[in-house]
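Just below is one structure, and these are the notes that go with it.
Numbering (the numbering used here), first residue to last: 54 to 483.
Okay, structure coming up:
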């Protein structure tokens, strides 16, 4: 459906058709320039309450409440109350109940500590005959003349061009804020309602595809968690394997090497070697969103501290017990990150074995310290494992790796779809 609809998009290539009031991407059958709305005259504004989280609950009540923090973190841009977890206002709290939200209303988060979140908004597309109000640090708007098709305004508020306008009017030092007066100064350039409907329904289909992929990814991850528990507890086994598993200490099947103590004075921007710290070792992932680099290797660095693709790492400080596999070269092992060197076990089987929650839980129990707990080398090497024969290890490793491959494939599809949507938001709107 989405690919079929995408083919209906036109791209006005000729310079003679270029206009600041014509979008870069357009569905076939729609022509002419978009119109700019009357600034400050499109919306009616309603007062909002100032009830904090302490006055909300998820158990019982008569009226639900949209808290600005939920707009920042979890609500979809098109807000369907049947698909969102929304708290009730405590029954003992008195407040003005006259400003009930309606379908098509816009709720804007008017406060944030950073520009990326200020002015985030939702459009209410379904209230399911429930009562809901806009809460703390929000602005509540309703279109006066019903000039917006359902869903269109929600997506328009998500565009980079509108976000820049919001960030321009935001004021404040430590906490940014926007006012009704400033918001009403922002103009909108919009097409006729029929074209709005086409755009909104198309983007909604894209969102549904992203959500479908996300749900499928969650289902595979949940399946893997459950099947791992059954496999490693020997509740289920592959046909043909009946031998008892042998108990061994972790130190019997691998060595643990410590990282190098790098000097921060040697860090350079854009260096040849990335330094891997505990923050890079996530749960099953090597996260390289942030790192320091150096240009040349220290003269006393050990060979095992120069990482290569396929090496297995474990965090020994902070969130101890997290493990990941190195996926590239030119990485260096920092102190408090351990490198597990396999001796007498299938590496993928071993990796899957120690990715279990019970391993992380045990490491956390053994860790010592306050804000930054530490786990010792011998605590890790002393952990007891149940290990099958090598052929059964390989069978388990291949099976679990095939699930991982499916999850990685879905992650890639989700990212592609999200990037595609960003491009659509830039091209379909002005």
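Note that beta-carbon positions come from the ideal geometry of N, C-alpha and C, so glycine has one too.
Quick check on residue i: does DSSP put it in helix, strand or coil?
| i | result |
| --- | --- |
| residue 193 | strand |
| residue 133 | strand |
| residue 67 | Low per-residue confidence applies at residue 67: pLDDT is 32, beneath 50, and the placement is therefore not dependable, though the value from the model is reported in the following sentence. Residue 67 falls in the coil class under three-state DSSP. |
| residue 99 | strand |
| residue 206 | helix |
| residue 245 | coil |
| residue 56 | Residue confidence for residue 56 is low, a pLDDT of 48 falling below 50, so the modelled location carries little weight; the figure read from the coordinates is stated next. The answer is helix: DSSP assigns residue 56 an H, G or I state. |
| residue 350 | coil |
| residue 321 | strand |
| residue 463 | helix |
| residue 470 | helix |
| residue 367 | strand |
| residue 211 | coil |
| residue 200 | coil |
| residue 356 | helix |
| residue 479 | helix |
| residue 457 | helix |
| residue 275 | helix |
| residue 237 | coil |
| residue 411 | helix |
| residue 397 | coil |
| residue 218 | helix |
Pull the bridge partners of residue i from the DSSP assignment, please.
| i | result |
| --- | --- |
| residue 313 | 387 |
| residue 104 | According to DSSP, residue 104 bridges with nothing at all. |
| residue 334 | 339 |
| residue 328 | 345 and 385 |
| residue 230 | 164 and 224 |
| residue 392 | 310 and 366 |
| residue 109 | 142 |
| residue 89 | 242 |
Could you give the residue range of the alpha helix (DSSP H) that holds residue i?
| i | result |
| --- | --- |
| residue 406 | 400-407 |
Quick one: give me the first and last residue of the beta strand (DSSP E) that residue i is part of.
| i | result |
| --- | --- |
| residue 300 | 299-302 |
| residue 291 | Unbroken run through residue 291: none, as it is neither H nor E. |
| residue 117 | 117-119 |
| residue 378 | 376-378 |
| residue 73 | No beta strand (DSSP E) holds residue 73; DSSP gives it neither H nor E. |
Residue j and residue i - do their beta-carbons sit closer together than 7 Å?
| i | j | result |
| --- | --- | --- |
| residue 194 | residue 222 | no |
| residue 379 | residue 360 | yes |
| residue 248 | residue 83 | yes |
| residue 330 | residue 387 | yes |
| residue 415 | residue 300 | no |
| residue 430 | residue 309 | yes |
| residue 296 | residue 454 | no |
| residue 392 | residue 419 | no |
| residue 397 | residue 334 | no |
| residue 192 | residue 233 | yes |
| residue 377 | residue 312 | no |
| residue 482 | residue 212 | yes |
| residue 161 | residue 118 | no |
| residue 92 | residue 238 | yes |
| residue 102 | residue 148 | yes |
| residue 463 | residue 266 | yes |
| residue 446 | residue 402 | yes |
| residue 362 | residue 382 | yes |
| residue 207 | residue 176 | yes |
| residue 370 | residue 410 | no |
| residue 77 | residue 480 | yes |
| residue 325 | residue 348 | yes |
Flag residue i as yes when its Cβ comes closer than 6 Å to any non-hydrogen atom of the ligand PLP, and as no otherwise.
| i | result |
| --- | --- |
| residue 267 | This structure does not include the ligand PLP; it has no bound ligands of any sort. |
*Please specify which runs of the beta strand (DSSP E), each continuous and at least 3 residues long, are wholly inside the segment 247-271, giving them in chain order.*
Runs found: none.
*Residue ranges of each beta strand (DSSP E) run of no fewer than 3 residues wholly in the segment 123-190, ordered along the chain?*
Runs of the beta strand (DSSP E) inside the segment 123-190: 131-133, 159-162, 174-179 and 185-187.
*Pick out the complete beta strand (DSSP E) segments inside the segment 413-452, 3 residues or longer, and give them in chain order.*
Entirely contained in the segment 413-452, the beta strand (DSSP E) runs reaching 3 residues are, in chain order, 437-440.
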